[in-house]
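Student:
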Amino acid sequence: MSGAWPAIWFLGYQDTNGQWPSCGEIDLMEYYTGDTLANNFWASETGTAGDAILTPLSYWRDHYTGNWTNLFHVWRMDWDEEAIKLYWDDELINCMLVTRGENKSPASKVKYPFLTPQYLIINLAMGAFGGTIDDKTLPMHYYVEYVRVSQQERHIDGIKCHHCQK
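Per this note's numbering, the very first residue in the sequence shown carries number 55; after that it's consecutive.
1) Locate the alpha helix (DSSP H) running through tyrosine 113, then write down its first and last residues.
2) Using a Cβ distance threshold of 8 Å, determine whether the stretch 107-115 contacts the stretch 181-198, with at least three qualifying pairs required.
3) At which residues does the alpha helix (DSSP H) containing glutamine 68 begin and terminate?
4) For glutamine 172 versus glycine 66, is the C-beta spacing smaller than 8 Å?
5) What are the boundary residues of the beta strand (DSSP E) that includes alanine 279?
6) Please go through the same chain and pick out, in chain order, the residues whose beta-carbon is closer than 7 Å to the beta-carbon of arginine 154, but skip the five residues on each side of it.
7) Measuring alpha carbon to alpha carbon, tell me which residue in Asn71, Glu156 and Asn124 is nearest tyrosine 197.
8) Does histidine 127 come within less than 8 Å of chain C when only Cβ atoms are used?
9) Over what stretch of residues does the beta strand (DSSP E) that includes lysine 139 continue unbroken?
10) May I ask you to report which of helix, strand or coil DSSP gives asparagine 124?
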């Protein structure tokens, strides 16, 4: 996979939250240079702040039979007004309180970017952090079987609702 940089990530809307990193970024999965990453980024007073978990690919290979990179996996995010929890194949990899991601930059338009909507990006970048592209590995494929988005129902004062505010 020389040169490959696959990712499943979320980015906040820059028109309402401000430029990156003030808009907030959630990396459900990134893979490059032999490691998998589960990250969250926001703005510090001087640049970027983050909560990053780096797991060597060897960790995953020890838990699976066969070639881990050739198998389908379930990447899941449970995100509510309290925390962001990132799971890979039902194993909790990263958990962060949303209030930890407080923007400190004066240029930020929102204080807590993880309390605002974000959009999903699934991509396979080539080069850069993926390393030098080895022509022998081309063409390269990145398969996504499905994407499921759901919202839990809330019960406020005994009333079942989908879009209730606290």
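Beta carbons: idealized from backbone N, C-alpha and C, even for Gly. Being a predicted model, the structure only gives us computed values, none of them experimental.
Tutor: With the structure as the only source:
1) Here the alpha helix (DSSP H) through tyrosine 113 covers 111-117.
2) no
3) 68-71
4) yes
5) A query on residue 279 cannot be resolved here, the shown segment of the chain reaching from 55 to 220 and no further.
6) Asp105
7) Asn124
8) No chain C appears in this structure, which consists of one protein chain only.
9) 137-142
10) helix
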